[in-house]
Every structure is written in C-alpha cells, then in structure tokens.
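Structure first, then comments.
Number of protein chains: 2
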Amino acid sequence: EDVLVSGVTLDQNQSKVTIVGVEDAPGLAARIFGPIADAGIVVDMIIQNASEYGHTDMTFTVGRDDLRRALEVIERIAKEISASGVRHEDQVAKVSIVGLGMRTHAGVAARMFSVLAAERINIQMISTSEIKVSVVVDSKYGELAMRTLHDAFLENGAGAVRA
Amino acid sequence: EDVLVSGVTLDQNQSKVTIVGVEDAPGLAARIFGPIADAGIVVDMIIQNASEYGHTDMTFTVGRDDLRRALEVIERIAKEISASGVRHEDQVAKVSIVGLGMRTHAGVAARMFSVLAAERINIQMISTSEIKVSVVVDSKYGELAMRTLHDAFLENGAGAVRA
Ligand SMILES: C[C@@H](O)[C@H](N)C(=O)O
Ligand SMILES: C[C@@H](O)[C@H](N)C(=O)O
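Protein sequence lines, in the order shown, are assigned to chains A and B. For the first sequence, the numbering used here gives the first residue as 138, with consecutive numbering after it. For the second sequence, the numbering used here gives the first residue as 138, with consecutive numbering after it.
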C-alpha cells in the first residue's frame with residue numbers, strides 16, 4: 138500500500154517538561170493536566186509510555202514562551218502527588234513526517250529513524266498518528282534532521298513512499 | 138479558542154509490545170522498526186518517552202492478528218541489541234478523542250483524563266496529535282471508557298468543547 142508523504146516539518150519553538158515517577162494509578166494524569174489547562178498553557182505533545190513497576194514518566198511539550206509558567210504549575214503538582222521530580226529542556230526540536238495512509242507507517246517510521254541514525258542524531262521521543270510520525274531531537278540537530286529527511290522523502294519528485 | 142470534538146473512537150483490536158531497556162543511542166529505533174516494517178507488520182502507535190539514564194522503553198501497538206509475528210521479530214531483535222526484555226499485552230483498548238483545533242487540547246486532554254479517573258480507569262499510555270488525544274487502557278474498560286467519554290463530550294448537542 139502506498140503512503141503519500143506530503144512534507145517534513147520542523148518546530149524549533151518547543152520546550153519539553155517531564156514529570157518523573159508519577160504513580161501509575163487512576164487520577165494522576167488528570168491532576169497534572171487539569172491545572173496546566175486551567176493556566177491556559179498550550180500543550181503540543183503529551184507522551185506517556187506503559188509502566189511496569191507502578192510508576193511512569195509523563196512528558197509534554199509547550200511553546201518556549203510557556204515554559205516558565207508550565208514549570209511553576211508542574212513543580213507544585215509534582216510535590217503534591219509525590220512524583221520523584223521534574224526535568225525540562227528549554228529548547229527541543231520536533232521533527233515530523235506528514236502524510237496520508239500513515240496507518241501503514243511502519244516503513245515510513247523505519248526509514249525516518251534510519252535517516253536520523255545515519256546522521257548520528259539521537260531520537261529522544263517518538264509519537265505517531267495516522268497523519269504524522271514525530272520525533273523530538275536535540276534542538277541543535279533540528280535543521281539537519283529536517284533537511285536530510287526532506288532529501289530522503291521528497292527529493293524524488295513524487296513524495297510517494299512505498300510503505 | 139474553541140475546540141471542536143467530533144467524536145470518540147474505540148479500537149479493541151490492538152495488542153501492545155514494549156521493548157524494555159533499549160540503549161538510548163542513535164540507530165536503535167531504526168534497528169527495531171526496520172525489521173518490523175520489512176515483515177509487513179502494520180503498526181498503529183509508536184511511543185517512546187525521554188530517558189534520563191541512557192536507556193528507554195519503546196512501545197508500539199499492532200493489530201491483534203499481527204502480535205505473534207511481531208513478537209517473533211522483536212524477541213530476536215531485543216537479544217541482538219541487548220535490550221532488557223520484551224513485554225506484551227494480547228489485547229488493549231485504544232480510546233481517542235478526535236477533533237479540530239486540538240493544538241489547544243490541554244483542556245480536552247485534562248477533561249478526558251478526569252472522566253476516566255472518575256470511572257477508576259487507569260491510563261496506561263498517552264499519545265497526542267493536533268487531531269487526536271489517544272489513551273491506551275485495559276481492554277476490559279474499553280467500552281466503558283468510550284461510553285463515558287462520549288457522554289461527557291458529545292451529549293450536549295454541539296460537540297463543541299471550550300478548550
Ligand atoms: C500515569 C497516569 O496516566 C495514571 N495512569 C492515570 O490514569 O492517571
Ligand atoms: C531509543 C532510540 O530511539 C534511540 N534514541 C535512537 O535514536 O534510535
């Protein structure tokens with residue numbers, strides 16, 4: 138099945154916040170994002186992976202202008218919920234392959250990851266949807282990541298990638 | 138800014154596979170998803186959160202019919218890359234809020250998480266995009282999750298949620 142890759146996007150205006158060691162029990166996600174939403178903070182990605190030992194990390198990204206406020210909210214909540222801690226990164230690059238038919242995107246994802254690996258760019262986070270495969274990388278590699286992915290996926294004219 | 142929630146979806150036909158303790162260095166994601174793509178396995182979600190100590194977990198979901206083949210591929214790769222191990226769950230429920238303007242989805246996400254918390258449904262994984270906030274929950278709660286989210290977001294006629 139053909140997947141149509143229509144573009145590669147780069148967002149260099151994001152900060153990353155991770156609440157470490159959140160109890161993996163009903164209600165914790167709500168206690169974190171309720172106050173974030175109430176503060177009017179615009180969240181882009183939210184990523185939580187599955188846990189094994191009863192605790193997990195929750196990461197979200199915000200526009201860099203919202204980082205300070207997000208940290209104020211999150212540091213308070215982290216104490217209230219007895220999380221292990223809070224980490225953040227002032228600037229990260231979110232790079233995405235955008236396309237259609239991405240439900241069969243294993244091939245697109247694999248190729249994206251290979252292109253980045255060839256440039257020795259470390260993938261910090263991965264999140265996917267039917268129309269997008271997104272990774273977060275160190276902001277200093279954002280431009281390089283976008284350019285090499287653009288060359289790999291879109292330089293052959295059609296933008297079509299056989300998945 | 139108004140967010141338009143257009144629907145709540147439930148996918149009960151997914152299995153979850155987690156490769157635990159993957160070295161967080163360039164090339165590992167490619168080594169995992171290359172073979173998965175080559176095997177023609179259809180992947181839905183891919184989730185990797187940020188790591189702190191040089192290793193991270195990578196989780197993906199596949200249609201339940203692909204689980205056995207996915208595990209064959211992954212168990213071999215996990216050894217090759219010296220991952221700590223592989224976990225899987227035969228059936229999980231992926232529940233999503235689908236809408237437009239979800240870049241301001243902190244409010245939608247917070248409300249979704251609160252609705253699930255009120256039913257004591259544990260959120261195992263979270264992944265978001267501009268058009269979707271998706272969670273993975275225990276498959277036995279899939280129907281309940283969908284119904285309560287549908288009632289919360291769509292029963293007031295408009296389907297419009299002030300974010
Ligand atoms: C970690 C957090 O997502 C928790 N499992 C909850 O349901 O709220
Ligand atoms: C863990 C994995 O994503 C690794 N960081 C890579 O870049 O391949």
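The C-beta atom is built at its ideal place from N, Cα and C for all residues, glycine as well.
Alpha helix (DSSP H) containing residue i: first to last residue?
i, result
"Asp202(B)", "Per DSSP, Asp202(B) belongs to no alpha helix (DSSP H) and is neither H nor E."
"Ser251(B)", "243-255"
At the 8 Å Cβ level, is residue i part of the contact set with chain B, yes or no?
i, result
"Lys153(A)", "yes"
"Val232(A)", "no"
"Val159(A)", "no"
"Gly236(A)", "no"
"Ser143(A)", "no"
"Gly171(A)", "yes"
"Val179(A)", "yes"
"Leu253(A)", "yes"
Could you tell me whether any Cβ in chain A is nearer than 8 Å to the Cβ of residue i?
i, result
"Lys269(B)", "yes"
"Val298(B)", "Its pLDDT being 46, under 50, Val298(B) is placed unreliably by the model, and the measurement read from it follows with that caveat. By this cut-off, Val298(B) is not an interface position."
"Gln261(B)", "yes"
"Met182(B)", "yes"
"His192(B)", "no"
"Ser264(B)", "yes"
"Glu189(B)", "yes"
Please report the Cβ distance between residue i and residue j, rounded to the nearest whole angstrom; I am assuming they are in contact, meaning their Cβ atoms lie under 8 Å.
i, j, result
"Gly244(A)", "Ala174(B)", "4 Å"
"Leu147(B)", "Met283(B)", "4 Å"
"Ile260(B)", "Leu253(B)", "6 Å"
The beta strand (DSSP E) that contains residue i, what's its start and end?
i, result
"Gly164(B)", "Gly164(B) -> no beta strand (DSSP E), and no H or E assigned at all."
"Glu226(B)", "222-237"
"Val270(B)", "269-275"
"Ser188(B)", "Segment: none, Ser188(B) is in no beta strand (DSSP E) and carries neither H nor E."
Taking 8 Å as the threshold (beta carbon to beta carbon), is residue i in contact with chain E?
i, result
"Ala289(A)", "No chain E appears in the structure shown, which is made up of the protein chains A and B."
For residue i, write down the residues that DSSP places opposite it in a beta bridge.
i, result
"Val179(B)", "Answer is none; Val179(B) lacks a bridge partner."
"Phe197(B)", "Val154(B), Ile183(B)"
"Ser266(A)", "Lys269(A)"
"Asp148(B)", "Lys231(B)"
"Glu103(A)", "Nothing about residue 103(A) can be reported from this structure: the residues present for chain A run from 138 to 300 only."
"Glu160(B)", "His192(B)"
Worksheet item: So, do the stretch 261-277 of chain B and the stretch 177-189 of chain B have three or more beta carbon pairs nearer to each other than 8 Å?
Response: yes
Item to complete: Indicate whether the contact test is met: 3 or more Cβ pairs, each with one atom in the stretch 143-162 of chain B and one in the stretch 212-232 of chain A, closer than 8 Å.
Response: no
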